[in-house]
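Residue numbers (my numbering), protein chains in the order written: chain A, -5 to 254; chain B, -15 to 291.
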Amino acid sequence: MNSISASPLLQFSSISKQFGGLSALSDVSLHIRRGEIYGLIGPNGAGKTTLFNVITGLYQASAGEFQFNGKNYQSCKPHVLARAGIARTFQNIRLFANLSALENVMIGRHVRTKTGVIGALLRNRAARHEERAIAERARELLDYVGITKPHQTLARHLSYGEQRRLEIARALATDPLLLALDEPAAGMNATETESLKTLLQTIRASGITVLLIEHDVKLIMVLCDRVAVLDYGKKIAEGIPDEVRRKPAVIAAYLGGSDD
Amino acid sequence: MEIFFQQIVNGLVQGSVYALVALGYTMVYGILGLINFAHGEVVMIGAMLALSSLNAMLGWGMPPLLALPLSLAFTMLGCMALGYGIERIAYRPLRHAPRLAPLITAIGVSIVLQNLAMMVWGRQYHAFPQMIANNTHTLAGAIINDVQIIIFITALAIMAGLMVVVHRTRLGRAMRAVAEDQHAAQLMGVDINRVISITFMLGSALAAVAGLMVSANYGLAHYYMGFLLGLKAFTAAVLGGIGNLRGAMLGGLLLGLIESLGAGYIGDLTGGFMGSNYQDVFAFFVLIAVLVLRPSGLLGERLAERA
């Protein structure tokens, strides 16, 4: 691990993404180091979520490529990137609402397990053993993110804060190297945000690199090692939070002209 | 009262077959939001494959008790390959097309399969070979034979097995996740194309069993038998709430009962004006009534329009 940890976990090289005539991302380059919490901020519509969708394979970049954990990716199916070690949550929660909390997390184990059709139909010993291991790991993760409700509760019956945590647990279940969180604190009250902060610090301490889109600037300032600022699809600043927030371009993007 | 019990027995046996076919419709709908109108033809092909393979094996002098399971396995594999092919060729290229396109393709596939079957097996009715001494039993005044008992028990066992797969296994969990949110499921490492293919194959395997059951029960197979059976099973799926597995089973059994009781009593009710040959009308009365009164079906929930 030592020799690799010098190289960045994620390297974005001149990524562009166009929708018709609209440039959602133009020529964005950035890198995320192993073990850091990297913040991505910018006004609404700046391209943050587009960038997430490119990293996770929901969108294919129009130009450029990115390197993750030493391998190049240009156009890949989401399940391939999930296997490579990228996991994410969504800005608007996208849990499997009619599956139980436990099952949601168990789905996350899908990428790391292998029982096929035959095993599923025959329910042989290996399949049952794997199934037990999946459930056990899922229960650990529910405890880890602090969901105390019965694990059989349907996801849609959890409170908003719990649903956010469940999404994180589901993403962690894929054993990610990079956990990408799209506005995890959105809609949370102060107490919930505080415990989210603690959770993210615990996650980072466990060795997982975190990429964070967030509007809560205070949270970004406390948590992140480095941040990048996007505006109209371009990276206008990058660096440690304290420096970045003093940059004139950043202040202009947030205060002038934009609706945020 | 004897008529009543007799019609209940007939209805449950027929209904269990409807349920098996309805499950195929409802699984595909649950995952893709697509009504696979070619599913009835898969049942027909199942009946034909079963018939041909049984005749061949019996012709080689194989004992019936060995030929039957072998033929069932052959038929299921054949139908699974067919279901896989249908999805791969006719539906997958249209996955992102407007919803009307795959519906029309489904009807096209259905016509192609019917005509293929007509070319291969001809237009005539085929007699299904009798495999076992078909003893009859009397139950509360109703007559039931061995074939019917086997059909009913097998159908229930298969449905129970399917529920275990869907609710207790990794594969079933992936199916339910894909049904709810394909993108999110992909991000969990679920290969959705694979899950969709498997869903079609599972549904087709059930259709194969149903095809063998229908033709064994009536002793007949015909290239056109899939059309009406498919429509009725679709009705059963809608009655139970399309997309809902338990609904498909309940809908199938209920539709069998309604049809059978209706056919049994329509003569008395109309003073002999209409006879049991009006049996098929009941299924479509049910379809219309459900669509008008409760479009989401008995166990269905109203789903938000899929994106």
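The C-beta atom is built at its ideal place from N, Cα and C for all residues, glycine as well.
Remember, predicted model here, so these are calculated numbers, not experimental data.
DSSP state of residue i mapped onto helix, strand, coil
| i | result |
| --- | --- |
| B:Gln108 | coil |
| B:Arg278 | coil |
| B:Met159 | helix |
| B:Phe257 | coil |
| B:Tyr249 | helix |
| A:Ser252 | For A:Ser252, the predicted structure reports a pLDDT of 45, less than 50, and the residue's modelled location is therefore unreliable. A value from the coordinates is still provided. Coil. |
| A:Thr192 | helix |
| A:Asn209 | Looking at the sequence itself, residue 209 of chain A is His, so the reference to Asn does not match. Three-state result, A:His209: coil. |
| A:Glu232 | strand |
| B:Val148 | helix |
| A:Thr147 | coil |
| A:Met215 | helix |
| B:Glu289 | Residue placement at B:Glu289 is poorly supported in this model, since its pLDDT is 36, which falls under 50; the coordinates still yield a value, given next. Coil. |
| B:Asn20 | coil |
| B:His80 | coil |
| B:Leu283 | coil |
| B:Ile296 | Since the first residue shown for chain B is -15 and the last is 291, residue 296 of chain B is missing from the structure and cannot be characterised. |
| A:Met(-5) | For A:Met(-5), the predicted structure reports a pLDDT of 41, less than 50, and the residue's modelled location is therefore unreliable. A value from the coordinates is still provided. Correct three-state label for A:Met(-5): coil. |
| A:Ala179 | coil |
| B:Ala205 | strand |
| A:Arg220 | strand |
| A:Ala167 | coil |
| A:Ala174 | strand |
| A:Val204 | strand |
| B:Thr300 | The structure shown does not extend to residue 300 of chain B, since chain B is modelled only from -15 through 291, so no value can be given for it. |
| B:Thr219 | helix |
| B:Val12 | helix |
7 angstroms Cβ cut-off: residues of chain A touching residue i
| i | result |
| --- | --- |
| B:Gly173 | His73, Ala76, Arg77, His104, Val105, Thr168 |
Cross-chain neighbours of residue i in chain B, by beta carbon under 9 angstroms
| i | result |
| --- | --- |
| A:Ala91 | Glu164, Asp165 |
| A:Leu136 | Those do not exist, as A:Leu136 stays about 16 angstroms from chain B at its closest Cβ, beyond 9 angstroms. |
Partner residues on chain B for residue i, Cβ-Cβ distance less than 8 angstroms
| i | result |
| --- | --- |
| A:Ile260 | No answer is possible for residue 260 of chain A: it lies beyond the span of chain A, which begins at -5 and ends at 254. |
| A:Arg133 | Simply none; closest approach about 15 angstroms. |
| A:Ile128 | Arg154 |
| A:Arg88 | Asp165, His167, Ala168 |
| A:Arg164 | Met172 |
Neighbour list for residue i in chain B, Cβ cutoff strictly below 7 angstroms
| i | result |
| --- | --- |
| A:Glu97 | Arg157 |
| A:Thr50 | Leu171 |
Contact with chain D by residue i, beta-carbon distance below 9 angstroms
| i | result |
| --- | --- |
| A:Phe84 | Absent here is chain D; the protein component of the structure consists of chains A and B. |
Assumed close pair residue i, residue j - CB separation to whole angstroms, cut-off 8 angstroms
| i | j | result |
| --- | --- | --- |
| A:Arg82 | A:Phe46 | 6 angstroms |
| B:Leu139 | B:Tyr207 | It should be pointed out that residue 139 of chain B corresponds to Ala in this sequence rather than to Leu. Between B:Tyr207 and B:Ala139 the Cβ distance is about 24 angstroms, and since that is not below 8 angstroms, they are no contact. |
| B:Ala117 | B:Ile70 | 38 angstroms between Cβ atoms; not a contact. |
| A:Asp219 | A:Phe84 | Not really, about 24 angstroms apart at Cβ, beyond 8 angstroms. |
| B:Gly(-1) | B:Gly240 | 2 angstroms |
| B:Met143 | A:Arg164 | That belief does not hold up - the Cβ atoms of B:Met143 and A:Arg164 are roughly 30 angstroms apart, past 8 angstroms. |
| A:Leu217 | A:Ile31 | 5 angstroms |
| B:Val179 | B:Val162 | 5 angstroms |
| A:Ile256 | B:Ala169 | Any property of residue 256 of chain A remains undetermined from this structure, which presents chain A solely from -5 to 254. |
| A:Ile9 | A:Phe60 | 6 angstroms |
| B:Leu7 | B:Leu146 | 7 angstroms |
| B:Leu283 | B:Arg230 | 6 angstroms |
| A:Leu160 | A:Asn98 | 6 angstroms |
| A:Arg77 | A:Val105 | 5 angstroms |
Residue i Cβ short of 8 angstroms to the ligand PLP heavy atom set
| i | result |
| --- | --- |
| B:Thr254 | The ligand PLP is absent from the structure shown, which contains no ligand whatsoever. |
Query raised in the report: Which runs of the alpha helix (DSSP H) spanning at least 4 residues fall entirely within the segment 53 to 122 of chain A, listed in chain order?
Result: 72 to 78, 95 to 102, 111 to 116
Query - Inside the segment -2 to 56 of chain A only - alpha helix (DSSP H) runs reaching at least 4 residues - result: 42 to 49
Query - the segment 236 to 251 of chain B contacting the segment 185 to 192 of chain B, beta-carbon criterion three pairs below 8 angstroms - result: no
Query raised in the report: Does the segment 35 to 45 of chain A come close enough to the segment 201 to 212 of chain A that 3 or more CB-CB pairs lie under 8 angstroms?
Result: yes
Query raised in the report: Any chance the segment 18 to 37 of chain B sits against the segment 230 to 242 of chain B, with 3 or more Cβ pairs inside 8 angstroms?
Result: no
Report task. Taking 8 angstroms as the threshold, find out whether the segment 53 to 60 of chain A comes into contact with the segment 105 to 124 of chain A through three or more Cβ pairs. Result -> no
Query raised in the report: Do the segment 93 to 111 of chain B and the segment 216 to 223 of chain B meet, that is, are 3 or more Cβ pairs less than 8 angstroms apart?
Result: no
Query - Stretch pair the segment 138 to 148 of chain A + the segment 90 to 108 of chain A: three plus CB contacts closer than 8 angstroms - result: yes
**Report entry** Three CB pairs or more closer than 8 angstroms across the segment 56 to 69 of chain B and the segment -10 to 3 of chain B
**Finding:** no
Query raised in the report: Are the segment 196 to 211 of chain B and the segment 101 to 115 of chain B touching by the rule of at least three beta carbon pairs closer than 8 angstroms?
Result: yes
Query raised in the report: Contact between the segment 34 to 44 of chain B and the segment 151 to 158 of chain B: three or more CB pairs below 8 angstroms?
Result: no
Query - Segment contact, 8 angstroms Cβ cut-off, at least three pairs: the segment 123 to 131 of chain A with the segment 147 to 155 of chain A - result: no
Query raised in the report: Does the segment 254 to 272 of chain B touch the segment 211 to 220 of chain B, meaning 3 or more C-beta pairs lie closer than 8 angstroms?
Result: yes
Query raised in the report: Within the chosen definition, does the segment 20 to 29 of chain A reach the segment 234 to 243 of chain A through at least 3 CB pairs nearer than 8 angstroms?
Result: no
Report task. Just list the alpha helix (DSSP H) runs in the segment 20 to 65 of chain B, keeping only unbroken ones of 4 residues or longer that don't cross its boundaries, in chain order. Result -> 23 to 43
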